[in-house]
Each structure stands twice: as structure tokens, then as C-alpha cells.
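Remarks on the structure that follows.
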Amino acid sequence: MTVARTVDIRSYRCPMTWVRVKLALEAIAPGEVLEVLLSGEEPARNIPRSAADEGHEVLGSEEGPEGMRLWLRKGC
261 MTVARTVDIR
271 SYRCPMTWVR
281 VKLALEAIAP
291 GEVLEVLLSG
301 EEPARNIPRS
311 AADEGHEVLG
321 SEEGPEGMRL
331 WLRKGC
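Sequential numbering of the sequence shown, starting at 261, is according to my numbering.
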């Protein structure tokens, strides 16, 4: 998978986490992949839900020692 852009929201709190992700999604073309670096239960729950609600595809996630990586494919 080729990542078009990475956004690190680990230092942000909701609702700014989704605002940062949404801005990053607006900066890439439909079909491209955004990698999101996040931490905490609330963003891990809300970011995938909000992305799916807006028509983006959640490709997967991976837990690591410094938080979670989430991959989103931008919808149309």
C-alpha cells in the first residue's frame, strides 16, 4: 500500500483530532491513502467512525508502542 500523506494527531484532543484528519484528507486525491498516527481510546474509536460516516474506507489499523496507525482511503 502506498501512503500519500501521514498526519500525526497524537498530541491533539477531540474534536481537533478529526479536524486535523479531515484537513489531511482534503489535501489528497480520491482513492489515495492517508496514514493517521493516533493514541488514546477516544480517537481510536471516533476517527474510523467519522471517516466511514463521510464515505472514506478504513483499510486497517496496527497497534504499536507509540500508539496506533490507521489507514484511510479517501472516498469520492
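Idealized CB from N, CA, C, for every residue including glycine.
Residues of its chain near residue i, where Cβ-Cβ distance is below 8 Å and the 5 sequence neighbours each way are ignored
i      : result
Ala287 : Arg265
Sequence-distant residues of its chain with Cβ nearer than 7 Å to residue i (five each side left out)
i      : result
Arg333 : Gly291, Val293, His316, Glu317 and Leu319
Gly327 : Arg270, Leu297, Leu298 and Ser299
Tyr259 : The question about residue 259 has no answer here: the residues shown for the chain are numbered 261 through 336.
Extent of the continuous beta strand (DSSP E) run through residue i
i      : result
Met328 : Gly327 to Arg333
Thr266 : Val263 to Asp268
Glu286 : Element bounds for Glu286: not the beta strand (DSSP E) but the alpha helix (DSSP H), Met276 to Glu286.
Ser321 : Glu317 to Gly324
Glu292 : It is not in any beta strand (DSSP E) - Glu292 carries neither H nor E in the DSSP assignment.
Limits of the unbroken alpha helix (DSSP H) element including residue i
i      : result
Glu301 : Glu301 to Asp313
8 Å contact criterion, which residue i and residue j should meet: CB distance rounded
i      : j      : result
Val296 : Val281 : 6 Å
Spatial neighbours of residue i in its chain, beta-carbon cut-off 6 Å, leaving aside the 5 residues before and after
i      : result
Asp268 : Leu297
Ser321 : Met328 and Leu330
Pro303 : Thr277
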